[in-house]
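Some notes on the structure that comes next.
In our numbering, the protein residues as written are 108 to 832.
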């Protein structure tokens, strides 16, 4: 199939357009036959005549496999020094010089096929001087270089023009200083040009602008063929778009070169009367600029597609890494953090960079957070700080053989965020990434899609072999502290299997005397709320009942979930001043309710929704969170590690106030079981009650929850709450 431009386009006008049929004919040789290749080679001798079938954009013929790489070097390196164009306003000595510098640099890399470039020059100047129309000259040039790929066609034509144009520019520049240049200028009638320099300036500027556009379009063509071949197929939209545009771009580049050459010919021999009108050069430049825009868009889409493919490959590689076995954790850590050439990790305590190798064969807890100015005030941070302080004071214990690495996540890093990162990092005692850049966009995506990170901090645990053994160990740390080591999900499950719902689990070691009270068989009452009048009445009646029953009762105020700090501290002061009972201080009250929320999140992972009603621990957690969510008071009474009696403020006060009605039963089954019996009767007799339950926004979220008071299913609402005082 010959490459032809349909009749009707053979016009001498510099800006005549090629009909749609011509563009289709130009594009036809680019039909896709073989995918995944983006460069082509000359396949037949240069002396062959006639228009030979062109090879496709993505494919090569069998003969091309054994051809030398001369053409590729020619195309790929021709404009190596000119990928960044200079300002088009510097037209006299910059825009046109890109052609000369680029062509001149070829000699450093490849042997320029001078026979072809000379032949192209002869085609242009001999036929222009005899009045052959521009389209015919272009088609003759295309026949001459028919065996070269599209990018090489454009490069060879531009190189041929650069030789003549370079001579013209050098003579013009050295005219006043070099006798030889002056003699050549006289022979070429350049003094006449200089005499009309002011009048010719607009046309010369448009000529330089046109040459600039030719060079830019050629760069775009070459840049397209430099794109890696392995990411595309014959049906890729980007390649189909290139099939439509590149032949047209080559045609108009060569056509513009012919027009530019006629201008040089007019200036150096034929006379300035033969110069093309300024508007025609401008229109041609505009057309090339549009073509360049289309090519730039195709190239941009190619690079975006490649980036997406590379991101997918990188993402799949991370997924594979965390689903395969490893000798140690060094490879998984290197997949997450770029450790070359600068160490990825920073030791915040010792203020030094460390390599991933220092974390090798250690349990590593990744503290993944947003970059938040309030981070140091979050519950997760407080829990981790407590754990790490304990670790630092007991470095030789087996439970201390782990390391924490802070991993801040942000899609956009501003100077303000980076300063905040450094400020937060300097406050920490554990490790951190040394710079946000070590956490790539693909890794951030992995955190979100595979580890469910959003904004809430996570503590993802990696064992010594690089396996992820827990996707958020912060809750088990909050509940059991160092007993959680090595912070695996299996360890968490085992701890729950060994745990019962007791006052010891509920209060832990927040009160220093708790263990002594339990061992001595004392009755312990945890109570809370923010109604000071109820607190006074309840503590008074509780003490009276204890005296009547002859028991030792320890009262401990534990506040309210999400209580206001100022209000809670005022209540603590009143309780202390009036000698009503003991009280946890504000920080321990906050931690008491935090542990309950952690229990909800932790235990909820293993609780079967169908069996929650029979799970005493889950029922106890739900009850306590219900009481803590209410505005009225509550109380829990227990002895040792046995059964607990619990109720809201109204029912508990009524039960104690009517102690005489169940005192006989107390002598039969003991105090707590008798109180429980009477509270159940109060619940049944109560005409109405209203109980609310505020659950943490993360963790287990059951479809239904039974009321801690009556056992009926609770209605479900959504609440948004700001906890600022």
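From the three backbone atoms N, C-alpha and C, an ideal C-beta is built for every residue, glycine too. This structure is a prediction, so every number in the text was calculated from the model and none was measured.
| task | Please classify residue 501: is it buried, with 16 or more other beta-carbons within 10 angstroms of its beta-carbon, or exposed? | result | exposed
| request: Assign residue 267 to one of two classes, buried (16 or more other C-beta atoms within 10 Å of its C-beta) or exposed (fewer than that). | output: buried
| task | Just the C-alpha distance for residue 513 and residue 470, rounded to the nearest angstrom, thanks. | result | 14 Å
| message | Quick check: what's the CA-CA separation for residue 352 versus residue 372? | response | 30 Å
| query | Skipping 5 residues on each side, what residues in its chain have a beta carbon closer than 6 Å to that of residue 235? | reply | 369, 372
| query | Roughly how many angstroms separate the alpha carbons of residue 261 and residue 345, rounded to a whole number? | reply | 20 Å
| field | Per DSSP, cross-strand counterpart(s) of residue 515 | value | 476
| request: For residue 665, name the three-state secondary structure that DSSP assigns. | output: coil
| query | In terms of residue numbering, what span does the beta strand (DSSP E) encompassing residue 632 cover? | reply | 630-635
| message | Could you give the first and the last residue of the continuous alpha helix (DSSP H) run that contains residue 350? | response | 344-372
| message | If I measure Cβ to Cβ from residue 766 and keep anything under 7 Å in the same chain, skipping five residues before and after, which residues do I get? | response | 652, 655
| Closer than 7 Å: is that where the CB of residue 285 sits relative to any heavy atom of the ligand ATP? | Among the ligands in the structure shown, none appear at all, so the ligand ATP cannot be discussed.
| field | Identity of the residue in 775, 563, 633, 640 nearest residue 699 by Cα | value | 633
| said: Tell me the DSSP secondary structure of residue 754 in three-state form. | reply: strand
| query | According to DSSP, what are the bridge partners of residue 538? | reply | 454, 512
| query | What span of residues does the beta strand (DSSP E) with residue 746 cover, start to end? | reply | 741-746
| request: Report all residues from its chain with a CB closer than 7 Å to the CB of residue 485; omit the five preceding and five following residues, and keep chain order. | output: 564
| Helix, strand or coil: how does DSSP classify residue 252 here? | coil
| said: Please report the distance separating the alpha-carbon of residue 131 from that of residue 350. | reply: Annotation note: pLDDT 34 at residue 131 (below 50); position unreliable, coordinate value reported separately. Roughly 10 Å separates the two Cα atoms.
| request: Under 8 Å by Cβ, that's how I've got residue 324 and residue 360 pegged, so tell me the actual separation to the nearest angstrom. | output: 5 Å
| query | In terms of alpha-carbon separation, which member of 589, 548, 451 lies closest to residue 539? | reply | 451
| said: Taking the alpha-carbon of residue 481 as reference, which of 764, 524, 596 has the nearest alpha-carbon? | reply: 524
| Can we say the segment 690-705 touches the segment 655-664, given the rule of at least three CB pairs closer than 8 Å? | yes
| said: Which residue marks the beginning of the beta strand (DSSP E) containing residue 575, and which one marks its end? | reply: 575-577
| query | Going along the chain, which residues of its own chain have a beta-carbon closer than 6 Å to the beta-carbon of residue 494, five neighbours each way excluded? | reply | 584
| task | Report the option in 761, 776, 710 whose CA atom is closest to the CA atom of residue 792. | result | 761
| said: Assuming residue 602 and residue 695 are in contact, meaning their beta carbons sit under 8 Å apart, how far apart are those beta carbons, in whole angstroms? | reply: No, residue 602 and residue 695 are not in contact; Cβ-Cβ is about 22 Å, not under 8 Å.
| field | Cutoff 8 Å; reference residue 460; Cβ partners in own chain excluding five residues on either side | value | 449, 450, 452, 453, 454, 541
| query | Would DSSP call residue 502 helix, strand or coil? | reply | coil
| request: Any chance you could list the alpha helix (DSSP H) runs of at least 4 consecutive residues sitting entirely within the segment 665-697, in chain order? | output: 672-684
| Going by the CB atoms, is the gap between residue 475 and residue 527 shorter than 8 Å? | no
| field | Residues that DSSP places opposite residue 470 in a beta bridge | value | 509
| According to the neighbour-count rule (16 or more other Cβ atoms, all chains shown, within 10 Å of its Cβ), is residue 771 buried or exposed? | exposed
| query | Does the beta-carbon distance from residue 630 to residue 746 come in below 8 Å? | reply | yes
| task | Output the boundary residues of the beta strand (DSSP E) element that contains residue 552. | result | Note, residue 552: premise wrong, no beta strand (DSSP E); alpha helix (DSSP H) at 548-557.
| request: Pull up the CB-CB distance for residue 754 and residue 645, whole angstroms please, since I reckon it's below 8 Å. | output: Actually they do not touch by this definition, with Cβ atoms about 11 Å apart.
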